[in-house]
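From first to last, the protein sequence lines stand for chains L and B.
Using my numbering, read the first sequence as starting at 1 and increasing by one per residue.
Using my numbering, read the second sequence as starting at 130 and increasing by one per residue.
Heads up, the beta-carbon is just placed ideally off N, CA and C, and yes, glycines get one too.
Data block below; observations after.
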Amino acid sequence: MGRVPIIKIGDTLIATVQEDLHDRDALDLQADVSQALERTGARGVLLDLTVVEIIDSFLGRTIADIARLVRLLGARTVVVGIQPSVAITLVELGLELRGVPAALNVEQGLGLLRRLNGREARNERRRLV
Amino acid sequence: MFDDEVLPIRGEDDIVTARGRARERAKALGFGMVDQSRIATAVSELTRNVLRYATDGRGEATLRPLQGPGARVGLEVVVADDGPGIANLSEAMRDGVTGGQGLGMGLPGTKRLMDEMEVDTGPGRGTIITIRKWRR
């Protein structure tokens, strides 16, 4: 297990990413999230970046990779709590975390995950009808 | 003002140390939150390139306070390695068409984060990248 704690609430995994993540912690997070999904069958992953002070291209790419990986495992990812200064830096760096839905805080993130999963369930039913 | 600070770049932990020190220096010089984030991120990008591309992944980062004309305050960071150098600098400075980063070294993005950037490199003679940010 890496340094990022992952807890399960309902069918959502919440990973609270620390202040200053080393590259190996970011890679551990990727492995830990996929193992936790496999173990728990959770439908959503919330990456809480509230205290993260730096997202460089390595961490940005790792977050996008995690979101893609989670998608392949049948769940969705939402990132929450990106600080405004970090968001500005990300955009200037040319990393918009495309394909990774974001919300302002944990509460709104949980709502967004519910909507994403709800929409998927509706589409699924439509296909079945 | 502080003296130049030279930080060795030899391993992954040194990236974290270098960007952390750069942020502290920027804060001490009176840079705001966004500029602190820009500077720390730029240092993270450049020092990671040292580990990735330089011979044995070794180099150093120097943090230097600047006093410009009219009490202008700035921070300069010089990241140097004696690796193979960048053979095709114009390619390395080009933004990728898919929003990627040309040669994948993140140089165009790093340049956007800073006010000034100079690259001194060539095949076989290492790479010295100097970046500067001026306080507004």
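In this structure the region 69–80 of chain L lies against the region 35–50 of chain L, because at least three pairs of beta carbons, one per stretch, are closer than 8 angstroms. With a cutoff of 7 angstroms on beta-carbon distance, B:L204 and B:A169 are scored as not near each other. With 16 or more other Cβ atoms from the protein chains shown falling within 10 Å of its own Cβ, L:T89 counts as buried. Spanning the alpha carbons of L:G10 and B:V207 requires a straight line of approximately 49 angstroms. For the pair B:E189 and B:A216, the CB atoms are not nearer than the 7 angstroms cut-off. Shown here for L:D25: same chain residues with a beta carbon closer than 8 angstroms to its own, the five before and five after excluded, namely G2, R3, V4, Q18 in chain order. Chain B has a Cβ within less than 7 angstroms of the Cβ of L:V86. Under the criterion of beta carbons closer than 8 angstroms, B:R261 and B:M243 qualify as touching, at roughly 6 angstroms.
Annotation: the continuous alpha helix (DSSP H) that includes B:V145 extends over 141–157. Annotation for L:L47: the continuous beta strand (DSSP E) segment containing it runs 44–48. When DSSP assignments are scanned along the region 13–58 of chain L, the uninterrupted stretches of beta strand (DSSP E) that are 3 or more residues long and fall wholly within it turn out to be 44–48.
Beta-bridge partners assigned by DSSP to B:V135: B:T191. For B:Q196, the number of other beta carbons within 10 angstroms of its own is below 16, and it is reported as exposed. At a cut-off of 7 angstroms between beta carbons, B:T170 contacts chain L.
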